[in-house]
Amino acid sequence: MQRIRLRYTKRGRLRFTSHRDFQRAFERALRRAEVPMAYSAGFTPHPKVSYANAAPTGVASEAEYLEIALSEAREPEKLRLLLDESLPDGLDVVDAVEARTSGLVERLEASVWQLRLDGVEHAAAERAVAAFLAAGAVEVQRMTKNGVRTFDAREAVARLEAVDPQVAGAREGIFEQGADRPTPAACAILRLVVRHVTPAVRPDDVLSGLRAVADLAPPVPAAVTRLAQGPLHEETGTVTDPLAPDRDAAAVPEGSA
Numbered sequence: 013m014q015r016i017r018l019r020y021t022k023r024g025r026l027r028f029t030s031h032r033d034f035q036r037a038f039e040r041a042l043r044r045a046e047v048p049m050a051y052s053a054g055f056t057p058h059p060k061v062s063y064a065n066a067a068p069t070g071v072a073s074e075a076e077y078l079e080i081a082l083s084e085a086r087e088p089e090k091l092r093l094l095l096d097e098s099l100p101d102g103l104d105v106v107d108a109v110e111a112r113t114s115g116l117v118e119r120l121e122a123s124v125w126q127l128r129l130d131g132v133e134h135a136a137a138e139r140a141v142a143a144f145l146a147a148g149a150v151e152v153q154r155m156t157k158n159g160v161r162t163f164d165a166r167e168a169v170a171r172l173e174a175v176d177p178q179v180a181g182a183r184e185g186i187f188e189q190g191a192d193r194p195t196p197a198a199c200a201i202l203r204l205v206v207r208h209v210t211p212a213v214r215p216d217d218v219l220s221g222l223r224a225v226a227d228l229a230p231p232v233p234a235a236v237t238r239l240a241q242g243p244l245h246e247e248t249g250t251v252t253d254p255l256a257p258d259r260d261a262a263a264v265p266e267g268s269a
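In the working numbering, the protein residues as written are 13 to 269.
This is how it looks when you write it as structure tokens:
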């Protein structure tokens, strides 16, 4: 049995696709592409697909991950192309590697998020970021199924900065994706690296923290995009490619020490 790990995106209007909707679309794509899937045992066999840390509905992403198990070996890049052609535009399969190591989920230690705040001046965002980073703790509240929960949003943030909107858009291509284009009005861009902790700290929790410490309140909801997720380098606050160990293992000739 061969295992393939895939990175896919949720872009433009497809960011409103729920995780369950994506699962249905992906399983249809597997059938259309005639992928030789391995199936679970039991009375209701289902294709062996493992999803890792999916982004919330309404959030765009450049870095979603899943793993599939095949009953017959396939070349990862050819498989990627077939699946990408079978999915709607916006749900794009952009990377594929054969799984040669364990612990993909454990390697997803942090996410890089980009938040576009329409109606907020860059200078105001910079002041709010400085106040947030200077705080020892930033308590926020979130409604959960067990009621209102209070937790520290500051501790999970490894890095936070206000970046120039035009630089951010040109570098990441975020402004080229339909609904994520900038407007002529004021627009601030935040870039943050958030550790995957329990309870999970989400970008909207950080926005709540910015409101609490600096009264930063965007007039419209933020447009949120996950740019990356993977291993966290604590000293630099950077997130690296979680598929790199599989690529490195594939590059080592069989029989080598």
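Ideal placement from N, C-alpha and C gives every residue a C-beta, glycine not left out.
What is the rounded straight-line gap between the Cα of residue i and the Cα of residue j?
i, j, result
"E247", "G159", "36 Å"
"E138", "A174", "5 Å"
"P265", "R17", "20 Å"
"F34", "G102", "11 Å"
"L91", "A66", "21 Å"
"A198", "A140", "16 Å"
"A81", "S62", "9 Å"
"V218", "V206", "9 Å"
"Q189", "S30", "Note that Q189 scores 43 on pLDDT, short of 50, meaning its location in the model is unreliable; the coordinates nonetheless yield the value given after this. C-alpha separation (whole angstroms): 19 Å."
"S220", "G54", "46 Å"
"R193", "G24", "In this predicted model, R193 has a pLDDT of only 48, less than 50, meaning its place in the structure is not dependable enough to derive any value."
"A143", "A263", "46 Å"
"M13", "V47", "13 Å"
"A85", "F28", "33 Å"
"K157", "V132", "32 Å"
"R154", "A111", "37 Å"
"H134", "E118", "35 Å"
"A165", "A136", "20 Å"
"R43", "R259", "27 Å"
In terms of residue numbering, what span does the alpha helix (DSSP H) encompassing residue i cover?
i, result
"V225", "P215 to A226"
"A147", "No alpha helix (DSSP H) holds A147; DSSP gives it neither H nor E."
"D270", "The question about residue 270 has no answer, for the chain in this structure spans 13 to 269."
"V117", "L116 to R119"
"A263", "A256 to A263"
Out of the options, point me to the one whose CA is closest to residue i's CA.
i, options, result
"E39", "D96, P233 and V218", "D96"
"A212", "E74, S30, L26 and V152", "V152"
"D104", "E110, E87 and A72", "A72"
"V209", "I201, E167, H134 and P230", "E167"
"L129", "R25, R19, L228 and R119", "L228"
"P215", "V251, F28 and V169", "V169"
"L145", "A226, C199 and S123", "A226"
"L116", "R15, G249 and A143", "R15"
"A11", "G242, S98, G249 and L78", "As displayed, the chain neither begins before 13 nor continues past 269, which places residue 11 out of reach and without an answer."
"S52", "S83, R44 and K157", "S83"
"G249", "R259, P100, A122 and K60", "A122"
"A149", "F163, R32 and T29", "F163"
"K22", "E133, A263 and R238", "R238"
"R223", "A147, T156, M155 and R259", "A147"
"P100", "K157, Q126 and A41", "A41"
"V232", "R161, L127, R32 and A135", "L127"
Along the chain, where does the beta strand (DSSP E) containing residue i start, and where does it finish?
i, result
"F163", "G159 to D164"
"E173", "V169 to V175"
"D107", "V105 to E110"
"S123", "A122 to D130"
Are the CB atoms of residue i and residue j nearer to each other than 7 Å?
i, j, result
"A75", "A240", "yes"
"T69", "A261", "no"
"A64", "P88", "no"
"L244", "V251", "yes"
"R19", "V124", "no"
"P177", "I201", "yes"
"P257", "G242", "no"
"L172", "L204", "yes"
"P57", "M49", "no"
"A45", "L94", "yes"
(request) Counting only runs of 3+ residues fully inside the segment 37-78, write out the beta strand (DSSP E) ranges in chain order. (result) 61-64
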